[in-house]
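Here the structure comes first, spelled out in structure tokens, and everything after it is commentary.
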Amino acid sequence: MEDQIFIWVAFNSFILALLILDLAVFHRRAHVIAIKEALLLSAFWIAIALLFNVALYFWMGSDKALEFLTGYLIEKFLSVDNMFVFVLIFSYFAVPARHQHKVLFWGILGAVVMRGIFIVAGVALIEKFSWITYVFGAFLVATGLKMAFRTEMEIRPEENPLIRLFRRFATCTDGYDEGEFFVKREGRYCATTLFIALLFLNTVDLVFAVDSIPAVLAITHDAFIVYSSNVFAILGLRALYFALAGVIRLFHHLHYGLSAILAFVGMKMLLDEYYHVPVGIALVVICAILLIAVVSSLMHGEKGTTATKQLHRAAGRVNCGGSDPPEDEQR
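One rule links them: number in my numbering = place in the sequence shown (from 1) + 13.
Structural data, given as structure tokens:
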């Protein structure tokens, strides 16, 4: 028990140090993140995850290392679907390019905490009620089918219960006030539009966590492996977003690949008692599905669904690599 506590404390301390490095060194000043910088940062976070994977291999053995790698890849590729939504959120709120990293940083910090709670709860439920695996499996298959037939991606913050409740009890301002979440007006603190965007982003990530965590639980029930693979995937999500936001609209078949992965891991959970799919085989299947989805997207050019065209328009408005939108558009 003491060893487990030490492992969790040491790992979270390491993650906290990385976040401080990111905030205090890499992004000490708000600025527009160019593609070159985003690619370098993305490579950095991927390298850190792979080095941790190597450390797991020597520390816990090949099985745990393979479970981590498979879970990390699942989370990494499922997080691409998050980026579709991030583009729409930033477009909806007209978030200036130089402040987008700040929203993602605090949003992902909140995601780390929420997912940690979800993972511990999910593992505890599976250990106590084995039939929960069938519920998770059926949920993943249903989610995969729903994603496959998705035609539009709707962003409706005005209908979000948490935002409506917050606006009822708090004073909100229009605009971004130099990237602050709260400003003092007439003796009281008011939430800016940037904070509303952050609040909405966190509620959206909560929905994504409900999909992604059961997907990794289909690979392993080790809470530490599930948590660490989740954390490393979402830590690199910010850099990946700025690297891919301008071209993400090209991957209009990717949601079919992600839906197939969710359906596959869901079926793995449902059939595990009768036929156990080795983690290595699952990893090969997942990589093959994603390769087919990416190649298919690139081969079919700009043809896409309504959701793809919607994303194309939003990506143009977000303006991730250029200057901020004019003041009237920011409102």
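Note that the Cβ used here is the ideal one computed from N, Cα and C, for glycine as well.
- For residue 150 and residue 212, the gap between their C-alpha atoms comes out near 30 Å.
- It is roughly 40 Å from the alpha-carbon of residue 280 to the alpha-carbon of residue 107.
- With respect to the 8 Å criterion, residue 287 and residue 117 are not classified as neighbours on the basis of their beta carbons.
- For residue 244, the enclosing alpha helix (DSSP H) covers residues 236-248.
- Residue 306 sits in a helix when the DSSP states are folded into three classes.
- Selection 186, 219 and 191 evaluated against residue 198 yields 186 as nearest (Cα-Cα).
- Excluding its 5 nearest sequence neighbours in each direction, residue 202 has C-beta neighbours in its own chain below 6 Å: 195, listed in chain order.
- In the three-state DSSP reduction, residue 288 falls in the coil class, being neither helix nor strand.
- Taken in chain order, the complete alpha helix (DSSP H) segments of 4 residues or longer contained in the segment 140-174 are 145-161.
- Per DSSP, the beta-bridge partners of residue 195 are 204.
- Non-local C-beta neighbours of residue 52 in its own chain, meaning closer than 6 Å and more than five positions away in sequence, comprise 256, ordered along the chain.
- Distance from the CA of residue 239 to the CA of residue 66, rounded to the nearest whole angstrom, comes to 13 Å.
- Between residue 84 and residue 273, the beta carbon gap of about 17 Å keeps them out of contact (Cβ cut-off 8 Å).
- Here residue 120 is near residue 215, since their CB atoms are less than 8 Å apart.
- Around the beta carbon of residue 251, 16 or more other beta carbons sit within 10 angstroms, so the residue counts as buried.
- By the C-beta criterion, the segment 169-177 is judged not to be in contact with the segment 293-311, since fewer than 3 inter-stretch pairs fall below 8 Å.
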